[in-house]
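First up is the structure itself, then whatever we jot down about it.
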Amino acid sequence: MKKLKYSIISLVILLTSCSEFLEPQSQTEYVPRDINTLNELLIGNAYIDPNAQNAYFFLYHEIMSDDVSITSETTNHTDNQAKYSKAKPYFSWHPEMFNLGEENNYYFSVWKSHYDKILGCNAVLDYADKQSMKGTTTERSFVKGQALTLRAFYYLNLVNLFGEPYNYNKSALGVPLKLTSDMTYEGLKRSTVEQVYAQIVNDLNTAENEFLKLPVEQQFNKEARITLPAIQLLKARVALYMEDFDLCATYSKKVIDNWGLKLLDLNDFVSVAAAPYYQFSSYNNPEALWLYGYSGDFTRMFTEILSLNPNSTSITRRMYNASPALVSSFTSSDLRLKNYVIKESTTINNYMPYGKIPVSVTYSTDFNFFGKALRVSEAYIMLAEAFYHQNKASEAVAVLETLRAKRFAKTSGNDYKVPTTSTSGEALFQFIKEERRREMCFDGLRWFDLRRWGMESFSHVWKVEGVVEAVFTLEKNDPAFTLPIPFDAIEKNPYLEQNTLASPKY
Amino acid sequence: MKKKGFFKLKQMKLGVFLMLILFQFGNVLAIDKLSSEMQASKVSINVKEANLSGVLQDIIKQSGAEIIYFNQEVSGIKCQNIKLNAVTVETALNTVLQGSNMAYQNQNGRYVIYANKSRTSQNQSNQTIPTNKQILITGRIADSRGEPLPFAKVMLKDSPLHTSADVDGRYAITATSLGGVLLVTYVGMKSREVKFYKSEKNVILNVILEEEENVIKELSVVSTGYQKFNPREMVGAYTTIKSEDFLTPNQTSIDKMLQGVVPGMIVTNSSSRVGTSPSIQIRGTSTILGDTQPLWVVDGIIQEEPIKIPGTTFMTDDMKNIIGNQISWLNPQDIESITVLKDASATAVYGSKASNGVIVVTTKLASRLQERLSVNYSGTVTIDSKPNYGQFNMMNSQERIKFTDEAFASGVPYLSIPYLDTNTYEGLKRSYIEGYITESEFQQRRAYLETINTDWFDLLTRNGISTNHNISVSGGTAKMSFNSSLGYSKQQGQEIGNDSERFTGRIATLFNLTDKLKVNLSIVGSYNTNTGFGTGVNPMSFATKTSRAIPAYDENNDLAYYQKINNYQHNKTYSSINYNILNERDNSSSMTETMRLNATADVQWNISRNLTYSFTGGYTLNGAFMDSYMGEDTYYVGNTYRGYNFESISPESADFKAAILPFGGEFFTNDSRQTSYNIQNKLSYIKQFSNSRLNFFLGQEVRSGTSIATSNTVWGFSKERGEQIILPTLPSDLTLAGGATMGYAGYGVFERLYQNRWKRLNQTNNFLSIFSTIAYTIKDKYVLNASLRNDMSNRFGQNINRRFDPVYSFGASWRVADEKFIRENVSWLTQFNIRSSFGLQGNALTNESPELMLYKQGKKAVFNQYFSAISKIPNSNLSWERTTNLNIGTDLLLFKKLTLVMDYYTRRSNAVVAQTVPLEFGIANVKVNGGILHNSGIEGRISFMVFNHKDAALSMSINSSRNWNKTGDNLVKPTLVDFINGNSTTIIKSGYPMSSFWSYDFAGLDPQNGAPMFNLMDVDKETAKNDISSFLVYSGERNPNFTGGVSFSFRYKSFTASTSFSAILGGKTRLPNPYADTNNGNKLPPAENNVSRLLNDRWKKPGDELTTNLPSLIVGNIYYITHPNGTSSALPVAMWAQSSAQVVDASFMRCRGLDLSYRLDQRTLQSLKLKSMQITASVNNLFVIASKRFQGMDPELGNSVMPKSFSLGISLGI
């Protein structure tokens, strides 16, 4: 019986000494317990991955704008035929663009990409406020500020793609606001454009407050994270879209004045074979206040190449170019055309519909850097527009000239000056708009500008093998200025109401 | 009082219960009958010193007389210097028993040897004056061969007192009356009454029961792995099968042998390749996302899941297939029996992992009753027949060329422009059209290709010859006995190059240290090698799919290469490079090597008559080593790393400079090891009350398993040059060629190591469990049973607050036939039990978490910081999957000839489903409880002994099960793809089975152009949007719902013939799309692809629509049919391939095998000095009956054929 006692005792010991035995252990998975892990998570799930080939954020912006045209080169090869149908639905603002794109394996779900990242922001925000999370208040503010800014950045992009312009109809439907990471399976309804903007403003305000709690040196930390000047630039941008010109002016000035940012003098950059283009998305760029995005995202729609000769596939031309209207809007002494718009190759002088992204010696996209930078020049151009609306024409002209002085060849004398015919009134506004088009070309802003500047009619010429086949015209206030809600989003959420669809142009 | 010793007895007793083996014992029965005539036989003995049992055996052999004794009682007794010449049996017995304390008695011509002291005590008791004191009667109950009868029933006649023997046939009963009669019964044996008298002392009464002839004997013991049960106390649903009833000579793994054997268990093979594992499902689907495979338990030890391979490593499918599963190490020859536990009551002791059922394997252990040394050898040779074109309905070279010509002439374009290549007809045609060859050259070559009719099956497959050898030795003394075996098997797959080899060895030793303490030690080792193919080499599928108009060898008998696309990124000079499957196969390979060592100790300590403690401890070491190699000569290496055909090329050439690997190939290795231990402490308490018995069992188990796996790749590997590696081209030295723009920078090819080519996994899973069962038996007729288990683990995702989450069950059974009114009135009803159980089974989804879980990642490029990513989103609402389970069953034994076991069950699972969620949630799906699954079914098993005579016997056994699966509400709308393909992770439509699928409603071919037409395409948009199935037709469920198995066994004298069939019915499937290679009918198939002969019968001209359902090839504009819901559209032929026209009933019946065996008779055996010898010839997969529309393909595999195999086996006993 003694033995029995021992075995029962040992059994009891075995049953009780189990806490360590049952402690979860994993090399790779963990439950976040401190704020720093959330800071790691931001890179994984909230920032756009600079190398993620399946992240889609800015690819539809340019192809629909008037900065892009189809090539005029007379190409001729049977292989070309299939390539025409791929981007055509987007180029022609077809109401079924996503369905048609899907059939050609040419559909990229921006909707999904944005909400994937919003989930990351939400998860960070849900956990950042938990008391159980270890970390200093500074760390907490830094993490929260980043998550809020990114969320606002994504919603701003979404609402401008899928909702009507704020200044045109803010009570129209925007996008669903998902603000926590919790899971249900009931779909969310679309909030109005106004509600979405209210959320964006709120997020940016909170983010700014969080960043203001940081030590000054951390507010503009040049290490690929969100910065306070970036938050302020985004606040100005949102104010501009909402036509709150006073706020826009205030925040544009903050960006210009507070951070010691300088305008890049394009005269200082000399293109050499080893570095044909200036590296804009780098903190060596004195204008850069935040680096973001995947460079392939900006070129994705424009990689299609047509074979030039009927018998060879080796001599090719890009299917899409920068539009003649854009190219011709740069005067000869304006250094921006050759610096901002990338040529087709080292030997072909056609301008591509993209630029200010890192490229290699062969002009091919370089994926070892972020795609884009938020630049201080946007603050200058916004300030000019705000001044115009505040009836401060001369201040607007002064700001424009400060900017243009760094953009024009030194040798061209007074070419940088705003023409006297355009220093006031409607002509000034027209000039500001044109200047914005030139300065901010292929930064993903043109399409939104076309929308907020009254959705004026413009056309895309459709050429096949260099021959005009059709002219697609976007009418004034065409419903096609707002993208249809993608089918994959509607399929999974029956609460999503489709936008008014435009009539197909072909 | 469970003794390991019962194994030996079970080995024989269970067999008697089961059909086939009855015939084998028929011989023994025959001897019984003859014994009275034979006792006159004379016996000669001449021994110097021998064991008594050996001498007794000798007497039995010589005389044919029946002598009954307990091995245990005679063990250790020696006979010395006995010399007898032609004496009677009685004289011989008198002589040999002289001096020992044994005596014998002649009972109806049968000699029963017993220990003299018991007789003495009995004799004494005859004269003792009865007192009123209680006495204890103890003893053992055995059959005529001395094997104990476990759980035999002992009743005190004319008194309510009764008891059951234990697993060793021992019993104890307390009597108070003045003497009396003990009635001893055992199903399948003649009942016996034994008188006893009051005595001062306790009485020992050993009882021997005679076998009833021509009857089925009752199952004597059931093992649930942790515990051995008297079947009378089982209230749950289970099936026990002896190894003889499922061992098939052509398989080397037990799981494949179980098809159609166990009612309620569906075994589906996915491949005919050597070394692959089938999927097993017990009683329908109860989980949607969880693992549906049952739990394997070998000798009480839960088998760890097989070694995990780090995800997304570079590994051929082949290697995944041949790595095997939890029990591939097990030599089927070592298996004693398997028990499949099915309902909640039976599986409750295994807790949350057991909701898919439990398969308990009991191996042959050392028997304590073993006295003699016995050696058994068995060997088989099996030939798997080679596949041939007769089995596949594919075009020959002439038809294939005609097809191309016809389609080309009608204007169908190429999917991709063929390469200029005279080894394919398409390439030849292009060469001619573009003027590279003359018309006469073209015609000559065309005629050559037309007649070449390459037999890829002949080149790539073979008649696979497999051999299997197994030798086992067992023996021992009363104190120590052992059972050991060595096995070797070599299997050749049908594909040349697919081989498998296995060595197994085991030794199990039993020590009876004291009467109360037993120790069982066993060591099992196995070593397994499988060889397969390299990346992209799949000979069987190549042979099935490749055009026969392509030569394998050219006119000079050298390998003939055809052109295949060249995707090499750094050199675009060549659009194609050479391909030949034989070259590819010979210069590449994959290999897995697994080894396993397991040691187990089992200690059983009978603390008192009521209390037993047992300890089980096991340790397993498992290693798996895999490699896969692609040589420099292969297309794979050319296409991936070089960009040109491997040949001597100048180091100065542009091609050479543009190649990453100008020399050498690629070599992948994966080494993994798994160590696990298992410790069990179990207490069993049995208390006999006057009318009832309490059986209480408490157990505790600790399990831990650690897996470590590392995978790696090297480049530049050359097998030919002594397995060394040659440096690849430096990124700075590589110059792009042929207009290639893809850069090659950084660390070059070695960067891939940092992109998943090097992977390591290190994981430890710990489990701590407690479990208990309690059984209360009243009057041996009414049984109440309850079980409980709780598991705790260190797995992530287990909510600490919910760790106590027990699984439990209750059950009751009633042995109706033991009631007086039945016994007295319905004599043919030997056994009639009604069982019922209710319980809860849980299934923990270990991958889910109530907290946000992050996944640690490395450095994020460009950011140059460490990062983490979301692994799991918090899912606080998720709870365990619960399956409530109700089982009602009955066991019947009629006329002692027919047993019938029937069960009805219903299971309701609150399964966790992956619910597709709106994109706005940022993840694709969320896991929620609420997938209600109802399963109900009936299953039954009938064993019937038709007749059993001395010279001939016939028996049959039938098992079948039918399962009804029904789903509850679906939470979110399924997509069109879900409806068309079926979806195993979500409920598609409420009320339909889980594996349902829908199809387009085919309405015939358009008489104008042969395009397919469909009904229901006019459903209005709103209806179609609300319910996608409104424009589809229901096609049925993919999973079969009925399984059946029939086996017959017939013996005539020494010949036994047996055959078994299995039927799997009720499943539907879609036939493979014959237009798959034609881009759904609008392109010419790629030059190297063969097409189904069915396409010869496609619509070609108006009027054909009356005789064919196969659409025409589409000429001109490709068009889409928009679906009524307005959001999607599809190609017409693609819709046809997913239409009702292609749905076929996947039911089939397979003749699993036909065996013929011959046992040598006793006389011949004696002259050969053998104990037994049997020769067996068998054919497996004899035929399959299935829908003709499968075109001869095996419906189980879908696109292949199970090899017919022929085996010849011999087994010897010495």
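Listed in order, the protein sequences are those of chains Z and U.
So for the first sequence, the numbering used here puts the first residue at 78; every next one is plus one.
So for the second sequence, the numbering used here puts the first residue at 9; every next one is plus one.
Where a beta carbon is used, it is the ideal one built from N, C-alpha and C, also for glycine.
Proximal residues to residue i (C-beta, below 8 Å), its chain only, five neighbours per side dropped
i	result
Z/Leu281	Leu225, Thr226, Ala229, Ile308, Leu311, Lys312 and Val315
U/Lys56	Gln88 and Asn89
Z/Thr93	Low confidence applies to Z/Thr93: its pLDDT is 49, below 50, so where it sits in the model is not reliable, and the reading given next is rough at best. Contacts found: none.
Endpoints, beta strand (DSSP E) assigned at residue i
i	result
U/Asn773	Lys767 to Ile786
U/Pro1048	Run containing U/Pro1048: none; DSSP gives neither H nor E here.
U/Val1216	According to the sequence provided, residue 1216 of chain U is Leu. The question's Val does not apply to it. Run containing U/Leu1216: Ser1213 to Gly1221, per the beta strand (DSSP E) assignment.
U/Leu1164	Phe1156 to Arg1167
6 Å CB neighbourhood of residue i in its chain, flanking five on each side removed
i	result
U/Phe875	Gln865 and Lys868
U/Lys50	Ala94
U/Met861	Ser879 and Lys880
Z/Gln467	Phe322
U/Thr718	Asp679 and Arg768
Z/Lys290	Ser218
Of the listed residues the options, nearest to residue i (C-alpha basis)
i	options	result
U/Tyr1008	U/Lys1076, U/Gly976 and U/Val1041	U/Val1041
U/Pro882	U/Ser474, U/Thr624, U/Phe929 and U/Ser844	U/Phe929
Z/Phe506	Z/Val544, Z/Gly490, Z/Tyr465 and Z/Ser410	Z/Tyr465
U/Tyr863	Z/Asn113, Z/Glu100 and Z/Gly121	Z/Gly121
U/Leu190	U/Lys161, U/Leu706, U/Thr891 and U/Val348	U/Lys161
U/Leu901	U/Gln923, U/Ile842 and U/Leu894	U/Ile842
U/Gly1044	U/Phe987, U/Ala1032 and U/Asn630	U/Phe987
Residues of its chain near residue i, where Cβ-Cβ distance is below 7 Å and the 5 sequence neighbours each way are ignored
i	result
Z/Ala547	Trp539 and Tyr583
Z/Tyr192	Lys255
Z/Asn398	Ser146, Thr148, Asn427, Tyr428, Met429 and Pro430
U/Met46	Unreliable positioning characterises U/Met46 in this predicted model, as indicated by a pLDDT of 41, which lies under 50. A coordinate reading is not provided.
Residue i: first and last residue of the uninterrupted alpha helix (DSSP H) it sits in
i	result
U/Met488	First-last for U/Met488: Met488 to Gln500, but that is the beta strand (DSSP E), not the alpha helix (DSSP H).
Near the ligand HEM: residue i beta-carbon under 7 Å from a heavy atom
i	result
U/Ile558	Among the components of this structure there are no ligands whatsoever, and the ligand HEM is therefore not found.
Inset, instruction - Counting only runs of 3+ residues fully inside the region 920–984 of chain U, write out the beta strand (DSSP E) ranges in chain order. - result: 933–956 and 960–975
Legend entry - Contact between the region 444–461 of chain Z and the region 321–338 of chain Z (3+ Cβ pairs under 8 Å): By the C-beta criterion, the region 444–461 of chain Z is judged to be in contact with the region 321–338 of chain Z, since at least 3 inter-stretch pairs fall below 8 Å.
Legend entry - Three or more C-beta pairs below 8 Å linking the region 1057–1074 of chain U and the region 1166–1180 of chain U: yes
Inset, instruction - Give a yes or no on contact between the region 364–373 of chain U and the region 440–454 of chain U, applying the rule of three or more CB pairs nearer than 8 Å. - result: In short, these stretches do not touch, since the Cβ pair count stays below three.
Inset, instruction - Decide if the region 425–436 of chain Z is in contact with the region 165–173 of chain Z; the criterion is three or more beta carbon pairs, one per stretch, under 8 Å apart. - result: no
Inset, instruction - Within the region 502–581 of chain Z, note down every full alpha helix (DSSP H) run reaching 4 residues or more, in order along the chain. - result: 502–516, 523–529 and 564–569
Inset, instruction - Would you check if the region 1110–1117 of chain U and the region 1005–1022 of chain U touch, i.e. whether three or more CB-CB distances between them fall below 8 Å? - result: yes
Legend entry - Given 8 Å, three or more beta-carbon pairs between the region 503–512 of chain U and the region 564–575 of chain U: no
Inset, instruction - Evaluate contact between the region 372–391 of chain Z and the region 488–498 of chain Z, counting only Cβ atoms and requiring at least three cross-stretch pairs below 8 Å. - result: no
Inset, instruction - Count the C-beta pairs between the region 1124–1139 of chain U and the region 1041–1058 of chain U that are closer than 8 Å, then say yes if the count reaches three, no if not. - result: The region 1041–1058 of chain U and the region 1124–1139 of chain U do not touch, with fewer than three beta-carbon pairs separated by less than 8 Å.
Legend entry - Cβ contact (3+ pairs, closer than 8 Å) linking the region 887–898 of chain U and the region 122–133 of chain Z: no
Legend entry - alpha helix (DSSP H) runs contained entirely in the region 324–405 of chain Z, provided each spans 4 or more residues: 372–376
Legend entry - Cβ contact check for the region 470–483 of chain Z and the region 493–508 of chain Z: 3 or more pairs under 8 Å: yes
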